[in-house]
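In our numbering, the protein residues as written are 12 to 263.
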């Protein structure tokens, strides 16, 4: 059996176990068990009982994941140094930060590798598509960075070809650095603090951001994926299609 099939069976088993915990069962007083060797010669027909057991849960999960939560006006592409997809995501999260913290947040950024699909296609945006886009359980955290550290962080972002960042941030990409960097239209002040929202993965040193390790964090307790789902639902309920343009946050 291929590694992919083995992983699939393991995932489905975990799903069944979790969902089964939500129901009440009577314990059997006796039963029969059979052992099967799992290898390439296993007759897939023997897996039919497992498939039948999983089917009701799979159907319920599929129904949930196929729920349409908003409309996408046009294809939103993932690209560097700037893209409509990244702009929508970071702006949507940035707009929600006042509900997550008592202090203003200067800007929001996401790591490029955290976006796991190349685009959001035009048309129905389903719950499942957002899970495809952001499958990891990354939490939004907020770091208080000095102007000097903020410059270092965005220099790192620039050196990697640029990551998604909210409209508050603008800079020129030159020789792999973020030159003429401004936040909210103002140049950085070295000893001023800037509250930057980002995934906990990055704040904990991921994406080669080891220079952020140990800095104080404000944990919002909110999954980035859940924030995007909430933002999309709000736009959908208001009849506003999801749309974003490349607005010149990064100049080359």
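Where a beta carbon is used, it is the ideal one built from N, C-alpha and C, also for glycine.
Query: Residue 124 and residue 232 - do their beta-carbons sit closer together than 8 Å?; Result: no
Query: With a floor of 3 residues, list each beta strand (DSSP E) that falls wholly inside the segment 85-156, ordered by position along the chain.; Result: 134-137
Query: Count the other CB atoms, across all protein chains shown, that sit within 10 Å of the CB of residue 77; report buried if there are 16 or more and exposed otherwise.; Result: exposed
Query: Let's see if you can read the secondary structure: which residues bound the beta strand (DSSP E) around residue 188?; Result: 188-194
Query: Would you be able to state if there are at least three C-beta pairs under 8 Å between the segment 101-108 and the segment 230-247?; Result: yes
Query: Once you ignore the five residues that flank residue 155 on each side, which residues in its own chain have a CB closer than 6 Å to its CB?; Result: 204 and 206
Query: Comparing C-alpha positions only, which one of 159, 157, 161 and 122 sits nearest to residue 145?; Result: 122
Query: Beta-carbon within less than 7 Å of residue 37's beta-carbon, same chain only, minus the 5 sequence neighbours each way: which residues are those?; Result: Any reading at residue 37 must be qualified, since the residue scores a pLDDT of 46, below 50, and its modelled position is unreliable; the value itself is stated next. Nothing listed; no residue qualifies.
Query: Going by Cα to Cα distance, which pick from 199, 251 and 228 is closest to residue 211?; Result: 228
Query: State the beta-bridge partners of residue 178 as determined by DSSP.; Result: According to DSSP, residue 178 bridges with nothing at all.
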